[in-house]
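Visitor: Chains as they are written, first to last, in the working numbering: chain A, 11 to 609; chain B, -6 to 344.
Input: one structure, supplied below.
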Amino acid sequence: MNGVNDFSFKIGTVNGTGSASANGLLMQAIFRMGIPVTGKNIFPSNIQGLPTWYEIRVSKDGYTARPSEVDLVVALNPSTYAKDVATVRPGGFLLYDSSWPLDPDLVREGITIMGIPFGRICVENFQGDRDRTLLRNIVYAGSLAALLNIDMDVVSGMLSEKYGKKPKLLESNHKAIQLGYEYAKANFQCPLPFHLEKMDATSDSILIDGNTACALGAVFAGATVGAWYPITPATALMEQFKAFCEKYRVDKATGEHKFAILQAEDELAAAGIIIGAGWAGARAFTNTSGPGISLMQEFIGLAYYTDIPAVFFDIQRCGPATGMPTRTQQADLLSLAYASHGDTKHLVLFPANPGEAFELAVQSFDLSERFQTPVFVATDLDIGMNDWMVKRLSWDDSYRPDRGKVLHKEDLDKIQKFSRYLDVDGDGIAARTLPGVGGKGAYFVRGSGHDKHAAYTEDSDAYQELVDRLKRKFEHAATVMPKPVFTLQPGAEVGLVTIGGCDAAVREAADRLRDQGVTVDVMRIRAFPFGSEVREFFDAHDRNFVIEQNRDAQLRALLAVELGIPRDSMTSILDYGGMPLTAKVVVDGVLRHLAQVPA
Amino acid sequence: MTSIAKPPVRHPSSRTNGLGLTLRDYEGAMSTLCAGCGHDSVTAAVVQAGWELELEPHRIGKMSGIGCSSKTTAYFMKQSHGFNSVHGRMPSVTSGAAAANRSLTYIGVSGDGDSLSIGLGQLSHAIRRNVNMLYLLENNGVYGLTKGQFSASADVGSKSKKGEANEQTPIDPVLLALTLGATFVARSFSGDKKQLVPIIKAGIAHKGFAIIDIISPCVSFNDHEGSTKSYAFTREHEVEAVHTDFVPLQREITVPETDEEVRTVTLHDGGMVRLRATASDYNPTNRESAYAHVRACQTRGEIATGLLFVDENGRDMHDYLRTPATPLVDLPFESLCPGKAALDSLMERYR
């Protein structure tokens, strides 16, 4: 880091003061200059008043993990001055609001301190408390544009796009950005040693968050029923689904909606609604987070036991209990894999970023209908709510939904008798009928013991036959679930195994380890149940590290239980404080363990 | 749930309805409820109503939760798809099914335990959503499957089989439904088929959420001296609000000549309910007077029965959702997926 197009900076503000749009403006401007960039919003579970940070990483090499160190801090929240100043790397820079005298907390040897009177500039140039507060953010964005060499034409263009229809707002924002820019130019050596220069590395990319990408996946997969209960960090997923449906699925002539979104009274009802809709033949989904998954357990077991498709998006956050709702974690793995009481096992997908979230969201509906079972798409707060730079989403118009084995009237006419849970093909998947089909297609869904004909039973053999079929179905699913993604290096004896949003940090760590003489292979698991190739990766390496974001090594536990891999043969690197993973945590963890146990 | 298939024997002289179906075609499996259970009388009334309405059995979704009452769905219309969900959560499953396929008729059967304790929230929100369904609440004031605990509808002073008196205030589903804005509220007695059948028919025809609280005595755990939901108690204390008859518009409507006061409520689908009020000032389209009537009866220790309130102008869930007449499950994928060109264009928004 610390050079042209290779640095990071952080802005510390107070939640509720309108800094989000200024921070988004900065990141998007860098992106539009063709430079790879990532933004992480570190925000509190609070409407206003508590500290919030925005971290922007610029990486000409395309690394998108959270930065390990910060070159520049913009300290605008007095309550976090001391903490913020401490995070600047030695030799780095600090920018603060000099409308007031320099706070002793801001003084630190070995960094360059720069003061710009953002508050005073706003008081002198704008009327009203609201404008003065909001435009202070735009002023600091202007100063950063000068200090970091952000193309002002790009910024102006973006402001025009945003406020084109609101001339007064456009004018005040233009003025604010210019004031900040000019003050920095006049008072400091601009640009700083680390700064931006135009590249052409983002033209095939977009900036998008995972919740939006999942919502798009649901739209493109043909989902028609969505039910949910508001919860951070999953809320935006359904809101985006609604917005896209209103864009693409409303008949302009009649005003009719080709979708149904029900805001349920709680997560239990949300699960019931999508299970009812799935039973009736619709592609249906809910979006929630860990506490919601806890509440849905009973219904999840019902859907599993009665072979009903339903898709659950779990945007994981820090648990247990209410935990830290605005911090990220991967601590729902076990509760998703085995959700509900009794012997249950579920299909789970783990996207690594919003681009993959879109693809796996579409696949989740196919898998759910094909296997007639709940499918979970497990992302996390970092993927769900932060803007990620990913390849433009693409779509193949030849796609058709995999509706699985559904018998229609003409199919029923050809058979003697329909038995709902009869495994004709030996893959554990029985054919279903949809309500209303008539003829011999009617059957009874019941969560109590039932046999292959769907009739009530308390007979041991009939019960076991049914639950064994469900197990067979699960084992069959393991052969078609999305395969892991491998990043291999010749001669590597060390394996790094990871999941979901850890991907960017782990792949970056693999490069850094190589630079330090440790070659590693990386396997990122994308689905549960695991395919045979997962076991093979472990067998092929002398040392295996499992990197995940929870306290109890849940992925490692799943690997041990499901594949029989000895727990002691897998070294865990765990990061569960709620922040997105950095490459440094991985590199340090691997080196520390390798030093402790010589190969 | 237990279910034993009935032998498929039909008397050659069985009457058929317009679809050519006999009453037997609207029956389900053999009941395994206790002999004399009020719920079986409800089953018989549903069978009768379905036959008279000439419903196509396979176009019915039979929905229930868990409990004695929730077994009822197995005992009628064996050609219908059934869904025995989880305790108290039938309303959400039905809401989802109705959202997906509005062309089916949904008959939900629940009990007082299922509806008024574990499922009170879901019942309330199904009312709030005005889901187009018939909700039969088989109310016996007791948990039968777990052998006799009081339910939330047990009256103060009502005694359990062991002689213990209930001290907590009951939740009255009719007052609850009226308060929450239900658009069809009725109460009946399982032993009064004459009254119950037309109300069920009207409830099915109602566009929106139709709840019928059916006092349905439990012969095993709540039909003893001291119970306020026993056969004897109910028969002695029943007060019919209105005599109800249901006449679908598809048939010729004949109104018998009478000097008595008759109120006609036109249903949204064209069907109508004729209400013969026992009291000349009873107005079944006025929520406040319905509430007052039920409360007044309660004060006198009486049970108001009949169609107590109906509002055929309410907006149902599909009105709020603005869904098309074609069920969502029948919409072609091509009309749901925006396609490659739309996605490519959309991507510019994320630049």
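Think of the CB as a built atom: it goes at the ideal place given N, C-alpha and C, for glycine as much as any other residue.
Quick caveat, the model's predicted, so the values are computed rather than measured.
#1: Quickly, what does DSSP pair P61 of chain A with across the bridge? List them, please.
#2: Does DSSP classify E558 of chain A as helix, strand or coil?
#3: Between the beta-carbon of T628 of chain A and the beta-carbon of T23 of chain A, is there less than 8 Å?
#4: Establish whether the CB of P100 of chain A and some CB of chain B are separated by less than 8 Å.
#5: Can you tell me which of A:T74, A:L36, A:G459 and A:M43 puts its alpha carbon nearest to the alpha carbon of V84 of chain A?
#6: Strictly below 9 Å CB to CB, what residues from chain A border N94 of chain B?
#7: So, helix, strand or coil for F386 of chain A, using DSSP?
#8: Terminal residues of the continuous alpha helix (DSSP H) containing D531 of chain A?
#9: Mind checking P114 of chain A: buried by the 16 CB within 10 Å criterion, or exposed?
#10: Below 8 Å between beta carbons: does that hold for F69 of chain B and Y128 of chain B?
#11: Measure the C-alpha to C-alpha separation of T620 of chain A and F368 of chain A and round it to an integer number of angstroms.
#12: Can you list the residues of chain A that K155 of chain B reaches, using a CB-CB cut of under 7 Å?
#13: Mind pulling the chain A residues with CB within less than 9 Å of L314 of chain B?
#14: Suppose the cutoff is 8 Å on Cβ atoms and the five residues either side in sequence are ignored; what does the same chain contact list for S153 of chain A look like?
#15: May I ask you to report which of helix, strand or coil DSSP gives E20 of chain B?
#16: Determine, using beta carbons only, whether S151 of chain B comes closer than 8 Å to chain A.
#17: Exposed or buried, H351 of chain A, counting other C-beta atoms within 10 Å across all chains shown (16 or more means buried)?
#18: Taking the alpha carbon of P320 of chain B as the reference point, which residue from A:D397, A:L444 and A:D276 has its own alpha carbon closest?
#19: So what does DSSP say about G201 of chain B, is it helix, strand or coil?
#20: So, at 7 Å on beta carbons, what are the nonlocal neighbours of G58 of chain B in its own chain, with the 5 sequence-adjacent residues on each side left out?
#21: Short of 6 Å in beta carbon distance, which residues of its chain neighbour D397 of chain A, apart from the five on each side in sequence? Order them along the chain.
#22: Please list, in chain order, all residues of the same chain as P411 of chain A whose beta carbon is under 6 Å from its beta carbon, the five residues on each side excluded.
#23: Exposed or buried, which one is R293 of chain B when buried takes at least 16 other CB atoms within 10 Å?
#24: Mark N33 of chain A as exposed unless 16 or more other C-beta atoms lie within 10 angstroms of its C-beta, in which case mark it buried.
#25: If you check the beta carbons only, do I315 of chain B and G265 of chain A fall under 8 Å apart?
#26: Could you tell me the distance, in whole angstroms, from the CA atom of S215 of chain A to the CA atom of S338 of chain B?
#27: Using a cut-off of 8 Å between C-beta atoms, extract the partners of V86 of chain B located in chain A.
#28: Nearest-angstrom Cα distance between Y348 of chain A and C328 of chain A?
#29: Return the first residue and the last residue of the beta strand (DSSP E) that V79 of chain B is part of.
#30: Check distances from the C-beta atoms of the segment 220 to 247 of chain A to those of chain B and list, in chain order, the residues that come in under 7 Å.
#31: Quick one: give me the first and last residue of the beta strand (DSSP E) that E231 of chain B is part of.
#32: Would you list, in sequence order, the uninterrupted beta strand (DSSP E) runs of no fewer than 3 residues that lie entirely inside the segment 81 to 148 of chain A?
#33: Leaving aside the five residues before and after L157 of chain A along the sequence, list all residues of the same chain whose C-beta is less than 7 Å from its C-beta, in chain order.
#34: Could you say which of A:L359, A:D585 and A:E518 lies nearest to A563 of chain A if we only look at CA atoms?
#35: M340 of chain B versus chain A: which residues are under 8 Å apart at the beta carbon?
#36: Buried or exposed, going by whether 16 or more other CB atoms sit within 10 Å of the CB of R602 of chain A?
Guide: Let's see:
#1: Taking the first sequence and counting its residues from 1, the one referred to as residue 61 of chain A is at position 51. BP columns for P61 of chain A point to A:V24.
#2: For the purposes of this step, residue 558 of chain A is taken as the residue at position 548 of the first sequence. Strand at E558 of chain A.
#3: In the structure displayed, chain A extends from 11 to 609; residue 628 of chain A sits before or after that span and is not available.
#4: Your numbering for residue 100 of chain A matches position 90 in the first sequence. With 8 Å as the cut-off, P100 of chain A does not count as an interface residue toward chain B.
#5: In the first sequence, counting from the first residue as 1, residue 84 of chain A sits at position 74. The shortest Cα separation from V84 of chain A among A:T74, A:L36, A:G459 and A:M43 belongs to A:L36.
#6: As a first step, residue 94 of chain B is located in the second sequence; it is residue number 101 there, counting from the start. Here the neighbours are A287, A290, G291, A292, L444, P445 and G446.
#7: To locate residue 386 of chain A, count along the first sequence from 1; it is residue 376. Note: F386 of chain A maps to strand in three-state DSSP.
#8: If you number the first sequence from 1, residue 531 of chain A lands on position 521. First-last for D531 of chain A: V530 to I535, but that is the beta strand (DSSP E), not the alpha helix (DSSP H).
#9: For the purposes of this step, residue 114 of chain A is identified with residue 104 of the first sequence, where counting begins at 1. P114 of chain A is exposed by the Cβ-count criterion.
#10: As a working note, residue 69 of chain B is residue 76 in the second sequence. As a working note, residue 128 of chain B is residue 135 in the second sequence. No; because the gap between Cβ atoms is not below 8 Å, this pair is not in contact.
#11: Nothing about residue 620 of chain A can be reported from this structure: the residues present for chain A run from 11 to 609 only.
#12: Position 162 of the second sequence holds residue 155 of chain B. By Cβ distance, chain A contributes nothing, its closest Cβ being about 28 Å from K155 of chain B, past 7 Å.
#13: Residue 314 of chain B sits at position 321 when you count from the first residue of the second sequence. Simply H267, F269, A270, I271 and L272.
#14: For the purposes of this step, residue 153 of chain A is taken as the residue at position 143 of the first sequence. Here the set comprises L105, I126, F128, G190, Y191, Y193 and A194.
#15: For the purposes of this step, residue 20 of chain B is identified with residue 27 of the second sequence, where counting begins at 1. Looking at E20 of chain B - three-state DSSP - the assignment turns out to be strand.
#16: As a first step, residue 151 of chain B must be located in the second sequence, where it is residue number 158. Cβ-Cβ to chain A under 8 Å: no for S151 of chain B.
#17: Here the question's residue 351 of chain A lines up with position 341 in the first sequence. Counting Cβ neighbours within 10 Å, H351 of chain A comes out exposed, since fewer than 16 surround it.
#18: Within the second sequence, residue 320 of chain B is the residue found at index 327, counting from 1. Here the closest residue by C-alpha is A:L444.
#19: Within the second sequence, residue 201 of chain B is the residue found at index 208, counting from 1. G201 of chain B: coil per DSSP, three-state reduction.
#20: In the second sequence, residue 58 of chain B corresponds to position 65, counting from 1. Cβ neighbours of G58 of chain B beyond the five flanking positions: S78, V79, H80, G81, R82, M83, S103, D107 and G112.
#21: Here residue 397 of chain A refers to the residue found at position 387 of the first sequence. Answer for D397 of chain A: G49, L217 and D219, listed in chain order.
#22: Within the first sequence, numbered from 1, the residue matching residue 411 of chain A stands at position 401. Excluding sequence neighbours, P411 of chain A sits near G232.
#23: Stepping through the second sequence from its first residue, residue 293 of chain B is reached at position 300. Classification of R293 of chain B: exposed, given that the 10 Å Cβ count is below 16.
#24: Working through the first sequence from its first residue, we reach residue 33 of chain A at position 23. So N33 of chain A ends up on the buried side.
#25: Here residue 315 of chain B corresponds to residue number 322 of the second sequence, with the count starting at 1. Here residue 265 of chain A corresponds to residue number 255 of the first sequence, with the count starting at 1. According to the sequence as given, residue 315 of chain B is Arg; it is not Ile. Cβ atoms of R315 of chain B and G265 of chain A: closer than 8 Å.
#26: On the first sequence, position 205 is the one that residue 215 of chain A refers to. On the second sequence, position 345 is the one that residue 338 of chain B refers to. About 14 Å.
#27: Position 93 of the second sequence, counted from the start, is the residue given in the question as residue 86 of chain B. Per Cβ cutoff of 8 Å: G282, I283, I285, G286 and W289.
#28: Position 338 of the first sequence, counting from 1, holds the residue named residue 348 of chain A. Position 318 of the first sequence, counting from 1, holds the residue named residue 328 of chain A. Their Cα atoms are separated by approximately 19 Å.
#29: Indexing the second sequence from 1 puts residue 79 of chain B at position 86. Segment: none, V79 of chain B is in no beta strand (DSSP E) and carries neither H nor E.
#30: V229, F230, G232, T234, V235 and A237
#31: Taking the second sequence and counting its residues from 1, the one referred to as residue 231 of chain B is at position 238. Counting along the chain, the beta strand (DSSP E) containing E231 of chain B begins and ends at E231 to E233.
#32: 98 to 107 and 122 to 126
#33: What you label residue 157 of chain A is simply residue 147 of the first sequence in a count that begins at 1. Hits under 7 Å: A194, F198, C200, P201 and L202.
#34: Within the first sequence, the letter at position 553 stands for residue 563 of chain A. Answer by Cα proximity: A:D585.
#35: Locating residue 340 of chain B in the second sequence gives position 347, where the first residue counts as 1. Simply I216, R402 and L403.
#36: For this step, residue 602 of chain A is matched to residue 592 along the first sequence. Looking at its Cβ environment, which holds fewer than 16 other Cβ atoms inside 10 Å, R602 of chain A is exposed.
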